[in-house]
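If you're matching them up, the sequences are chains A and B in order. All residue numbers for the first sequence refer to our numbering, where the first residue is 17 and numbers rise by one. All residue numbers for the second sequence refer to our numbering, where the first residue is 17 and numbers rise by one.
There are 2 protein chains.
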Amino acid sequence: MKSVGTVKTEYFTFAQSPNELKLESGQSLGPITLAYETYGALNQEKSNAILVLHALSGDAHAAGFHEGAEDPGWWDDLIGPGKALDTLKYFVICPNIIGGCRGSTGPSSVNPKTGKPYGLSFPLITISDMVKAQKHLIDHLGIKKLLSVIGGSMGGMQALQWVASYPKHVQSAIPIATALKHSPQQIAFDEVGRQAVMADPAWNNGNYYDATKPERGLAVARMIGHITYMSDKSMEEKFSRKLKAKNFSFEFTTDFEVEGYLRYRGDNFVKRFDANSYLYITKAMDYFDLSADKLIPKERNSDLRFLVLAFKSDWLYPAYQSQEIARQLKVRGVDATYCEINSTYGHDAFLLEVEEETHLIKHFLDKTFRGYTIAR
Amino acid sequence: MKSVGTVKTEYFTFAQSPNELKLESGQSLGPITLAYETYGALNQEKSNAILVLHALSGDAHAAGFHEGAEDPGWWDDLIGPGKALDTLKYFVICPNIIGGCRGSTGPSSVNPKTGKPYGLSFPLITISDMVKAQKHLIDHLGIKKLLSVIGGSMGGMQALQWVASYPKHVQSAIPIATALKHSPQQIAFDEVGRQAVMADPAWNNGNYYDATKPERGLAVARMIGHITYMSDKSMEEKFSRKLKAKNFSFEFTTDFEVEGYLRYRGDNFVKRFDANSYLYITKAMDYFDLSADKLIPKERNSDLRFLVLAFKSDWLYPAYQSQEIARQLKVRGVDATYCEINSTYGHDAFLLEVEEETHLIKHFLDKTFRGYTIAR
Chain A
17 MKSVGTVKTE
27 YFTFAQSPNE
37 LKLESGQSLG
47 PITLAYETYG
57 ALNQEKSNAI
67 LVLHALSGDA
77 HAAGFHEGAE
87 DPGWWDDLIG
97 PGKALDTLKY
107 FVICPNIIGG
117 CRGSTGPSSV
127 NPKTGKPYGL
137 SFPLITISDM
147 VKAQKHLIDH
157 LGIKKLLSVI
167 GGSMGGMQAL
177 QWVASYPKHV
187 QSAIPIATAL
197 KHSPQQIAFD
207 EVGRQAVMAD
217 PAWNNGNYYD
227 ATKPERGLAV
237 ARMIGHITYM
247 SDKSMEEKFS
257 RKLKAKNFSF
267 EFTTDFEVEG
277 YLRYRGDNFV
287 KRFDANSYLY
297 ITKAMDYFDL
307 SADKLIPKER
317 NSDLRFLVLA
327 FKSDWLYPAY
337 QSQEIARQLK
347 VRGVDATYCE
357 INSTYGHDAF
367 LLEVEEETHL
377 IKHFLDKTFR
387 GYTIAR
Chain B
17 MKSVGTVKTE
27 YFTFAQSPNE
37 LKLESGQSLG
47 PITLAYETYG
57 ALNQEKSNAI
67 LVLHALSGDA
77 HAAGFHEGAE
87 DPGWWDDLIG
97 PGKALDTLKY
107 FVICPNIIGG
117 CRGSTGPSSV
127 NPKTGKPYGL
137 SFPLITISDM
147 VKAQKHLIDH
157 LGIKKLLSVI
167 GGSMGGMQAL
177 QWVASYPKHV
187 QSAIPIATAL
197 KHSPQQIAFD
207 EVGRQAVMAD
217 PAWNNGNYYD
227 ATKPERGLAV
237 ARMIGHITYM
247 SDKSMEEKFS
257 RKLKAKNFSF
267 EFTTDFEVEG
277 YLRYRGDNFV
287 KRFDANSYLY
297 ITKAMDYFDL
307 SADKLIPKER
317 NSDLRFLVLA
327 FKSDWLYPAY
337 QSQEIARQLK
347 VRGVDATYCE
357 INSTYGHDAF
367 LLEVEEETHL
377 IKHFLDKTFR
387 GYTIAR
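In structure tokens, the structure reads:
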């Protein structure tokens with residue numbers, strides 16, 4: 017498969033004083049910078065734009081390669097010439113969320129009013145706030161209506177929120193491995209991750225930017241996360257009870273390969289992620305709730321189309337949650353297709369089940385684009 | 017239901033120098049004290065003894081009330097006059113495991129050689145070491161053969177280990193919600209718990225007995241545990257998305273009831289449990305492996321009977337692991353009954369599904385006891 021090649025992250029700044037972004041909490045935030053990348057070209061009619069939304073630890077770099085980098089963006093398998101999000105046909109935009117730490121304004125950004133990083137003085141943001149900021153970017157790019165909004169996990173929440181917040185500005189949505197709201201189990205996993213970060217004395221109530229970072233706490237949070245992203249079966253297939261050495265150490269070192277994997281993933285994560293962002297983003301997910309008919313407003317765009325994807329072995333965002341999305345759409349008479357992909361990868365499947373996803377998404381987008389073009 | 021009434025923990029000390037207990041690691045441990053309780057009376061033939069084995073955070077106090085205490089022992093619902101383990105008929109013994117912190121010798125015990133708590137100089141112990149120590153207690157009580165060994169979770173591992181280590185000294189076994197070995201997912205959850213403890217600077221490589229204890233780290237470990245003990249459904253039934261206050265706080269406080277529950281459970285646990293014991297015990301569970309025909313030795317006791325219990329919603333010790341126990345027994349021609357109890361409580365079900373368990377266990381023990389008595 018071909019790649020979009022070398023790409024560069026771009027930045028868009030808005031919500032300058034006194035036009036700060038009004039947040040769901042009642043607080044304001046500004047100025048706001050959004051880091052984003054685009055792939056492919058916007059057509060004359062500006063009718064081929066697809067917004068890709070990332071998950072908890074994702075960023076704007078979804079496809080192609082940064083200058084000199086070995087690894088491509090996080091969804092490179094699905095974005096590029098001839099791929100599911102075909103950059104020969106579509107203009108793909110991927111923004112980093114506000115509250116994050118990968119170029120967009122978040123708790124680790126410098127507050128222009130104080131000249132210091134926000135830390136916990138950064139206001140709590142919600143999924144709807146993230147989407148509100150993205151709407152500014154879409155306006156800035158001159159796009160009236162997005163052909164599609166797509167994302168997995170928290171990216172799926174943003175896709176759903178786009179429909180709820182801006183139904184007239186979205187032609188279709190592809191929420192993958194996501195939910196209308198977090199269950200208490202999902203909240204519980206997030207809360208334990210937050211507690212792990214906040215239990216680290218280096219966290220220091222969020223003031224650590226000029227000191228030691230709460231790396232141990234954040235690593236523990238990430239390790240918990242990784243267990244929930246895989247399935248019992250995929251862990252069995254990948255690690256079984258394989259040992260790192262020939263025998264048990266009879267010490268508190270890494271005996272099992274799965275332990276080494278978790279430690280490696282935890283240690284790696286802290287190098288690229290801000291602990292406060294972890295708190296803000298998980299809280300935004302926990303607050304998210306589009307159940308009880310909040311997804312589709314009554315004056316909805318009647319030609320809105322949905323492709324709802326779930327994965328059989330995903331126990332973090334179980335298929336019943338995607339079925340509930342589909343059910344709510346059907347009740348409102350919305351054109352929605354629900355597919356449950358047979359995968360053993362667990363929640364990670366949305367990043368790994370490339371072939372199956374490509375098939376479904378490509379077909380869905382083609383049909384949406386054809387319909388959209390004819391309708392115009 | 018009647019209670020066994022007021023009970024007292026007893027203590028048995030053995031493995032005095034130079035007769036230390038030889039451990040699986042090759043190291044030795046001694047002297048060893050086992051805290052234990054007994055309920056009911058041993059009959060003349062010493063044929064009515066049942067050994068109850070506890071799980072990770074359990075202790076010797078399985079039934080009745082300590083002087084002045086409001087809460088009964090951890091399995092009081094199943095142990096007492098007329099209950100599943102009927103103390104009018106049976107003599108019930110419950111020892112605290114070695115490595116623990118509830119009266120038996122563990123890392124928080126004083127090492128007589130140094131006059132200081134062992135800390136990490138305590139040798140790593142295995143489930144088979146725990147059982148080896150229990151065998152000394154059973155010998156001390158003059159019991160040649162146990163009518164049954166019973167336990168849930170890690171208690172079930174010990175029950176299985178009794179069969180593997182001392183097949184001629186066990187008449188029957190009731191392993192509940194347990195496994196022949198931990199899967200990589202189970203190891204992963206344990207490892208993250210250990211990492212949470214060890215990430216706490218107060219842990220100080222296990223030397224904290226005369227200083228601040230690693231309470232925050234241990235609380236995080238316990239919170240992770242609690243999520244795995246419940247099911248998605250039981251959390252939904254118990255908490256749903258109920259809030260503590262009327263609205264979201266838009267702060268990092270406890271918004272959801274499930275968060276409050278986890279914090280409460282975590283904070284409560286650290287008051288009664290030693291962080292080092294948490295490390296030692298989880299490691300013992302991870303090392304445990306009676307798969308590949310290690311459960312039933314070839315020269316097995318031919319009249320050994322098994323009742324294997326699992327719970328449908330238990331995703332920490334999924335039913336397939338209990339089915340694997342039953343399968344291994346059937347292959348060896350052992351008299352084994354497997355029952356999967358329809359419960360929504362998750363792993364906690366072994367403590368909560370009293371009625372169903374009582375019915376199955378009572379009947380099984382009656383039959384075992386009758387057969388045993390006739391055979392003699």
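Don't be surprised by glycine CBs; every beta carbon is placed ideally from N, CA and C. A quick note: this is a predicted structure, and the numbers were derived from the prediction, not measured.
Could you please give me the residues that DSSP links to residue i through a beta bridge?
i, result
"D305/A", "K197/A"
"D102/B", "G96/B"
"Y355/B", "In the sequence under discussion, the amino acid at residue 355/B is Cys, which differs from the Tyr named in the question. In DSSP, C355/B forms a bridge with L325/B."
"K262/B", "According to DSSP, K262/B bridges with nothing at all."
"G107/A", "Sequence inspection shows Phe at residue 107/A; the Gly mentioned does not correspond to that position. BP columns for F107/A point to A65/A."
"N127/B", "K132/B"
"T395/A", "Since the displayed chain A opens at 17 and closes at 392, residue 395/A lies outside it and no answer follows."
"F272/A", "L259/A"
Whose Cβ in chain A lies nearer than 7 Å to the Cβ of residue i?
i, result
"M239/B", "V208 and Q211"
"Y55/B", "By Cβ distance, chain A contributes nothing, its closest Cβ being about 35 Å from Y55/B, past 7 Å."
"Q201/B", "I243, D248 and M251"
"G233/B", "A215"
"A261/B", "Result: empty, since nearest Cβ-Cβ is about 13 Å, beyond 7 Å."
Kindly list, in the order they appear in chain B, the residues whose Cβ is closer than 8 Å to that of residue i.
i, result
"V147/A", "Simply none; closest approach about 17 Å."
For residue i, which residues in chain B fall below 7 Å Cβ to Cβ?
i, result
"F266/A", "S41 and L140"
Closer than 8 Å by beta-carbon distance: list the chain A residues that pair up with residue i, in chain order.
i, result
"S256/B", "P200"
"V236/B", "V208, Q211, A212, A215 and V236"
"F272/B", "P200, I203, E207 and D302"
Is the closest heavy atom of the ligand ADP to the C-beta of residue i under 7 Å?
i, result
"K260/B", "This structure does not include the ligand ADP; it has no bound ligands of any sort."
For the segment 27–85 of chain B, which segments carrying the beta strand (DSSP E) assignment without a break, of at least 3 residues, lie completely within its bounds, in sequence order? Those beta strand (DSSP E) runs which fall completely within the segment 27–85 of chain B and span 3+ residues are 48–55 and 65–69.
Which runs of the alpha helix (DSSP H) fall wholly inside the segment 162–230 of chain B and span at least 4 residues, in chain order? Fully enclosed alpha helix (DSSP H) runs of 4 or longer: 170–181 and 200–215.
Between the segment 224–236 of chain A and the segment 252–266 of chain A, do at least 3 Cβ pairs fall closer than 8 Å? no
Using a beta-carbon distance cut-off of less than 8 Å, what residues from the segment 274–302 of chain B approach chain A? V274, E275, L278, R279, G282, L295, K299 and D302
Sufficient close CB pairs (3 or more, under 8 Å) joining the segment 267–282 of chain B to the segment 188–207 of chain A: yes
Specify whether the segment 286–296 of chain A and the segment 117–126 of chain A touch according to this definition: at least 3 beta carbon pairs, one from each stretch, less than 8 Å apart. Result yes; three or more Cβ-Cβ pairs closer than 8 Å.
Does the segment 170–183 of chain A come close enough to the segment 263–270 of chain A to have 3 or more Cβ pairs within less than 8 Å? no
Going along the chain, which residues of the segment 328–351 of chain A sit with their C-beta nearer than 8 Å to a C-beta in chain B? Taking 8 Å as the Cβ-Cβ cut-off against chain B, the residues of the segment 328–351 of chain A that qualify are W331 and P334.
Taking any Cβ of chain A, which residues in the segment 184–197 of chain B have a Cβ under 9 Å from it, in chain order? Result list: K197.
Check whether the segment 57–76 of chain B and the segment 100–115 of chain B touch, using three or more Cβ-Cβ pairs below 8 Å as the test. yes
For the segment 45–76 of chain B, enumerate the residues whose C-beta is nearer than 8 Å to any C-beta of chain A, in chain order. none
Alpha helix (DSSP H) runs wholly inside the segment 362–388 of chain B, at least 4 long, in chain order: 365–368
Just checking, does the segment 322–336 of chain B make contact with the segment 362–369 of chain B on the three C-beta pairs under 8 Å criterion? yes
At least three beta-carbon pairs within less than 8 Å, the segment 131–146 of chain A to the segment 95–103 of chain A: no
Cβ contact (3+ pairs, closer than 8 Å) linking the segment 189–199 of chain A and the segment 150–168 of chain A: Under the three-pair Cβ rule at 8 Å, the segment 189–199 of chain A counts as touching the segment 150–168 of chain A.
Given 8 Å as the limit, is there contact between the segment 71–87 of chain B and the segment 46–57 of chain B, that is, 3 or more CB pairs closer than that? With a cut-off of 8 Å, the segment 46–57 of chain B and the segment 71–87 of chain B count as touching, because enough Cβ pairs lie within range.
Taking contact to mean at least 3 C-beta pairs separated by less than 8 Å, is the segment 79–93 of chain B in contact with the segment 18–31 of chain B? yes
Does the segment 36–50 of chain B come into contact with the segment 139–149 of chain B, if we say contact requires no fewer than three beta-carbon pairs (one atom in each stretch) closer than 8 Å? yes
Would the segment 208–222 of chain B and the segment 236–244 of chain B be scored as touching if the rule is three or more Cβ pairs under 8 Å? yes
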